[in-house]
Amino acid sequence: MKQIIFITSNKHKVREANKIGKSFGVEFKQKFFSYPEIRADSVNDVAKEGAKYCYEKLRKALIVEDSGLFINALNKFPGTYSKFVLGKIGLDGILRLMQNKKDRTAFFVSSVGFADKNQIKTFNGVVKGKIAKKIRGSCGFGYDPVFIPNGFRKTYGEDDKIKNKTSHRFKSITKFCKWYHKYS
Ligand code: IMP
Numbered sequence: 332m333k334q335i336i337f338i339t340s341n342k343h344k345v346r347e348a349n350k351i352g353k354s355f356g357v358e359f360k361q362k363f364f365s366y367p368e369i370r371a372d373s374v375n376d377v378a379k380e381g382a383k384y385c386y387e388k389l390r391k392a393l394i395v396e397d398s399g400l401f402i403n404a405l406n407k408f409p410g411t412y413s414k415f416v417l418g419k420i421g422l423d424g425i426l427r428l429m430q431n432k433k434d435r436t437a438f439f440v441s442s443v444g445f446a447d448k449n450q451i452k453t454f455n456g457v458v459k460g461k462i463a464k465k466i467r468g469s470c471g472f473g474y475d476p477v478f479i480p481n482g483f484r485k486t487y488g489e490d491d492k493i494k495n496k497t498s499h500r501f502k503s504i505t506k507f508c509k510w511y512h513k514y515s
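Every position in the sequence shown, counted from 1, becomes a number in the working numbering once 331 is added.
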């Protein structure tokens, strides 16, 4: 097993990453370390700057991950502010903003930022879907109970098995694992 430090306070992200990492021989070790998240519209930029900052402070190979939900009818809101917005208005607030919206399409984006002494690299994943009309299910975290991935009827909150095979994080972490497995 190859190990890598995963800087995050979110245990759900680490659990999801380790389910994926298993088949690639990569193990993610959670580390709590607070780093500034830059203000940017792209999770890619946030992950890149985060990884760079953490490496400069810790001097160990590591990853950070930045992700968000982008709702098309809301001009891609809440995007990189997803965590903050959820804390302020909750899922009920999001559903209220979506009342009477015909277009319920949305997508999650995840960007894994890797940094070590040689380089800073990012790995991205996107999953498209739509916003449910009600909160459904209690698996996972964040916006999972209101997100229905394309091709399915259930929300991620109702079925975490679907999430583990289709999500933005599944895609970004898979890309990272394939690369890291070979990288020495
Ligand atoms: P951050 O990447 O820790 O800045 O937080 C991103 C925020 O986006 C999370 O706190 C969630 O609110 C939301 N989010 C990101 N990924 C997911 C996911 O897989 N499911 C549900 N919500 C997510």
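Backbone N, C-alpha and C fix where the C-beta goes; we use that ideal spot for every residue, glycine too. Model, not experiment: these values are computed from the prediction.
Inter-residue spacing [alpha-carbon to alpha-carbon] between residue i and residue j
| i | j | result |
| --- | --- | --- |
| H512 | K506 | 10 Å |
| F408 | I338 | 25 Å |
| F445 | V458 | 21 Å |
Residue i - containing alpha helix (DSSP H), residue span
| i | result |
| --- | --- |
| A348 | 342-352 |
| N495 | 491-497 |
Helix, strand or coil at residue i according to DSSP, with G and I counted as helix
| i | result |
| --- | --- |
| T486 | coil |
| P367 | coil |
| K360 | strand |
| N455 | strand |
| I479 | strand |
| A382 | helix |
| F501 | helix |
| K506 | helix |
| K513 | helix |
| K461 | strand |
| K432 | coil |
| D376 | helix |
Residue i CB to nearest heavy atom of the ligand IMP below 8 Å
| i | result |
| --- | --- |
| N445 | The residue asked about is misnamed: residue 445 is Phe in this sequence, not Asn. Checking the Cβ of F445 against the ligand IMP gives no. |
| S498 | yes |
| G421 | no |
| D397 | yes |
| F439 | yes |
| L428 | no |
| E380 | no |
| G424 | no |
| L393 | no |
Endpoints, the beta strand (DSSP E) within which residue i is located
| i | result |
| --- | --- |
| F415 | Premise fails: F415 lies in the alpha helix (DSSP H), 413-428, not in any beta strand (DSSP E). |
| F401 | 393-402 |
| A437 | 436-446 |
| Q334 | 333-338 |
| F408 | 408-410 |
Would you call the stretch 379-391 in contact with the stretch 363-370, where contact means no fewer than 3 C-beta pairs closer than 8 Å? yes
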